[in-house]
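Colleague: Numbering-wise (numbering that gives the first Met the number 0), the sequence shown opens with residue 0 and increments by one.
The beta carbon of each residue, even a glycine, is placed where N, CA and C say it ideally should be.
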Amino acid sequence: MAYVQIDSLVKSFGDTEILHGIGLGIEKEEFAVFVGPSGCGKTTLLRLIAGLEEVTSGSIRIGDQRVDKLPPAKRGVAMVFQNYALYPHMSVYENMAFGLRIAKVAKALIQGRVKEAAGILQIGELLERKPRALSGGQRQRVAIGLAIVREPKVFLFDEPLSNLDAALRVQMRIEIAKLHRDLKATIIYVTHDQIEAMTMASRIVVLNAGVIEQVGAPLELYHHPANKFVAGFIGSPKMNFLPGTLLSADAKTARVALRDGTEIEIATDATRGAAGSEVTVGIRPEHMLHVSDATPGVGRVRGEVILVENLGESALIYVRIPDIEGLTLCRVEGMTSVKEGETVSLGLPADVAHLFDADGKSFPRKGGALSDLARRAS
Numbered sequence: 000m001a002y003v004q005i006d007s008l009v010k011s012f013g014d015t016e017i018l019h020g021i022g023l024g025i026e027k028e029e030f031a032v033f034v035g036p037s038g039c040g041k042t043t044l045l046r047l048i049a050g051l052e053e054v055t056s057g058s059i060r061i062g063d064q065r066v067d068k069l070p071p072a073k074r075g076v077a078m079v080f081q082n083y084a085l086y087p088h089m090s091v092y093e094n095m096a097f098g099l100r101i102a103k104v105a106k107a108l109i110q111g112r113v114k115e116a117a118g119i120l121q122i123g124e125l126l127e128r129k130p131r132a133l134s135g136g137q138r139q140r141v142a143i144g145l146a147i148v149r150e151p152k153v154f155l156f157d158e159p160l161s162n163l164d165a166a167l168r169v170q171m172r173i174e175i176a177k178l179h180r181d182l183k184a185t186i187i188y189v190t191h192d193q194i195e196a197m198t199m200a201s202r203i204v205v206l207n208a209g210v211i212e213q214v215g216a217p218l219e220l221y222h223h224p225a226n227k228f229v230a231g232f233i234g235s236p237k238m239n240f241l242p243g244t245l246l247s248a249d250a251k252t253a254r255v256a257l258r259d260g261t262e263i264e265i266a267t268d269a270t271r272g273a274a275g276s277e278v279t280v281g282i283r284p285e286h287m288l289h290v291s292d293a294t295p296g297v298g299r300v301r302g303e304v305i306l307v308e309n310l311g312e313s314a315l316i317y318v319r320i321p322d323i324e325g326l327t328l329c330r331v332e333g334m335t336s337v338k339e340g341e342t343v344s345l346g347l348p349a350d351v352a353h354l355f356d357a358d359g360k361s362f363p364r365k366g367g368a369l370s371d372l373a374r375r376a377s
C-alpha cells in the first residue's frame with residue numbers, strides 16, 4: 000500500500016457531488032502535484048487530506064493509520080496556504096514556535112526546531128521581524144517554516160506561489176524542490192501553473208470535474224497523454240487539435256483526412272478505430288513546422304497568418320486554417336520573417352503527432368524521438 004492511500008473518496012456539498020470516487024496512492028518521499036482547471040476539485044481533495052473538510056464517503060490513510068475520521072492536528076500533516084496565514088502581531092520566531100507551544104513541546108526543543116528550520120530556509124536574520132516587514136517571498140518562507148517545525152509526515156501546499164511575482168516564483172520553486180530533496184519529505188502540492196507541475200513533480204495528478212484523468216511522470220503525460228483533455232491541459236502553449244476522418248490504419252500508421260481535404264499519416268496504432276470514424280489530430284506548437292510546399296516526407300496544412308509574436312528566443316505564429324475552428328499555433332526557435340496576412344504551410348511530422356478517437360481517448364503513439372525535420376527546424 001502507498002504511504003498516502005486514498006480509496007473511493009467522495010465529497011459532496013449538499014446534493015452536489017464534487018469528487019467522484021477518487022482512488023490514488025502517493026509513495027513515501029514522493030512529490031505529487033495536483034493540477035487541473037478551476038473547479039476540478041484539486042484544492043478540495045487537498046483539504047480532505049488535511050482534515051479541513053469532512054469526507055462524504057471513502058477513506059484516507061497515511062502510513063498505516065486511517066486518518067479521515069481524525070482531526071487535522073492528529074493526522075501528521077502540515078499545510079502551507081496561498082495567503083501565508085501568519086499572525087501579524089507576532090515575530091517570525093513567535094509565528095514558527097506558536098503551534099509547538101500550543102502542543103506543549105519543551106522550550107528547548109522549540110528553539111532547536113525553529114533555528115534548524117530558519118537555517119534551512121535562510122531566514123535566520125528575520126526571526127525578530129514582524130510579517131509586515133517582510134517581502135512576499137520572505138513571508139512564504141516563514142509559512143513553509145511553520146510547516147517544517149512540526150516535522151509532519153506529509154507536507155501539503157495549496158498554490159503557495161500564486162501571490163508572488165515571476166522572479167520570486169522561480170526562486171521559490173528552486174527552494175521548495177531543494178527542501179523536498181534535503182528533508183526527503185512527502186509533498187502533495189496543488190497548482191494551476193504548468194511550469195510548477197512540470198519542473199517540480201515526481202508525478203502529476205490531472206483532475207477534471209472531480210475525477211482523475213491521468214497520473215504519471217511529467218514527461219510521460221507530455222509525450223503520452225491518455226486523452227484529449229490531458230493533451231490539451233499539459234503543455235504551454237496548449238496542443239493544437241485538428242478534426243478529421245480516419246481513412247485507414249494498421250499497427251504502425253494511421254492515415255487521416257483533415258476537413259480541408261489534406262491527407263496526413265500519423266505514427267500510431269489506430270486499429271481499434273473504424274475507417275470513416277471521426278478522429279482528432281493533436282500536435283504541439285513546438286512540433287508543428289513552418290515548411291515550404293516542396294518539403295518532402297511531411298504532411299502539411301495551409302492557412303493565413305493572423306498574428307506573429309516575436310519573443311526573442313522564439314516566435315509564435317497564429318494561423319487560420321480553412322474549416323478548422325479557432326487558430327492553429329506554430330512555435331519556431333529564434334526570430335521569424337513571416338508576416339501577418341501571408342499564406343504559410345505548416346508541417347505535421349508523423350512521429351510527433353497524436354491521434355484521438357471520437358470519445359477523446361488517445362490511440363497509442365509509436366513516435367517518441369523528435370523527427371529529423373523537427374530537429375532541423377528547431
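(1) Please report the Cβ distance between Gly346 and Val297, rounded to the nearest whole angstrom; I am assuming they are in contact, meaning their Cβ atoms lie under 8 Å.
(2) I'd like the list of long-range same chain contacts for Ile173, defined as Cβ closer than 6 Å, with 5 residues on each side in sequence excluded.
(3) Between Ser313 and Gly281, which are expected to be in contact by the criterion C-beta below 8 Å, what is the C-beta distance as a whole number of angstroms?
(4) If you count every other CB in all the chains shown that lies within 10 Å of the CB of Met171, and 16 or more means buried, which is it?
(5) Quick one: Cα of Glu219 to Cα of Ser201, how far?
(6) Count the other CB atoms, across all protein chains shown, that sit within 10 Å of the CB of Arg375; report buried if there are 16 or more and exposed otherwise.
(7) So, at 6 Å on beta carbons, what are the nonlocal neighbours of Glu127 in its own chain, with the 5 sequence-adjacent residues on each side left out?
(8) Among Gly22, Leu18, Asp14 and Ile17, which residue has its Cα nearest to the Cα of Asp6?
(9) Can you tell me the Cα-Cα spacing of Val205 and Leu245, whole angstroms?
(10) Under a Cβ-count criterion, where at least 16 other Cβ atoms within 10 Å of its own Cβ denotes burial, should Pro321 be classed as buried or exposed?
(11) Please state the DSSP three-state secondary structure of Val34.
(12) Below 8 Å on the Cβ atoms is my contact criterion, and I expect Thr323 with Val304 to pass it. Report the Cβ-Cβ distance as a whole number of Å.
(13) Who are the Cβ neighbours of Ala1 in its own chain at under 6 Å, not counting the five residues just before and after it?
(14) Between Pro236 and the rest of its own chain, which residues show a CB-CB distance below 6 Å, the 5 nearest in sequence each way excluded?
(15) Find out if the Cβ-Cβ distance for the pair Thr267, Lys365 is shorter than 7 Å.
(16) Report the three-state DSSP secondary structure of Ser7 (helix, strand or coil).
(17) Expressed to the nearest angstrom, what Euclidean distance is found between the alpha-carbon atoms of Ala368 and Leu108?
(18) Which residues in the same chain have their Cβ closer than 6 Å to the Cβ of Asp249, if we skip the five residues on either side of it in sequence?
Modeller: Inspection of the coordinates gives the following:
(1) With 8 Å as the limit, Gly346 and Val297 qualify as a contact, their Cβ atoms being about 4 Å apart.
(2) There are no such residues.
(3) Taking the Cβ atoms as the reference, Ser313 lies roughly 20 Å from Gly281, outside the contact range of under 8 Å.
(4) Under this definition Met171 is a buried residue.
(5) Taking the Cα positions, Glu219 is about 11 Å away from Ser201.
(6) Model confidence at Arg375 stands at a pLDDT of 39, short of 50, so the residue's coordinates are unreliable; what they give is reported in the following sentence. Exposed: under 16 other Cβ atoms inside 10 Å.
(7) Counting only residues of its own chain and dropping the five nearest sequence neighbours on each side, Glu127 has a CB closer than 6 Å to the CB of Ser90.
(8) Nearest of Gly22, Leu18, Asp14 and Ile17 to Asp6, Cα basis: Gly22.
(9) Near 28 Å, if we compare the C-alpha coordinates of Leu245 and Val205.
(10) By the 10 Å Cβ count, Pro321 comes out exposed.
(11) Strand at Val34.
(12) Residue 323 is actually Ile in this sequence, not Thr. That belief does not hold up - the Cβ atoms of Ile323 and Val304 are roughly 14 Å apart, past 8 Å.
(13) These residues qualify, in order along the chain: Gly24, Ile25 and Glu26.
(14) Setting aside the 5 residues that flank it on each side, Pro236 is surrounded in the same chain by Pro284 and Leu328, each with a C-beta closer than 6 Å to its C-beta; the list follows chain order.
(15) Here Thr267 is near Lys365, since their CB atoms are less than 7 Å apart.
(16) Assigned with DSSP and collapsed to three states, Ser7 falls in strand.
(17) Bear in mind that the predicted position of Ala368 carries a pLDDT of just 45, short of 50, making it unreliable; the figure below should be weighed with that in mind. Ala368 and Leu108 have their C-alpha atoms some 53 Å from each other.
(18) Within the same chain, Asp249 has no close Cβ partners at all.
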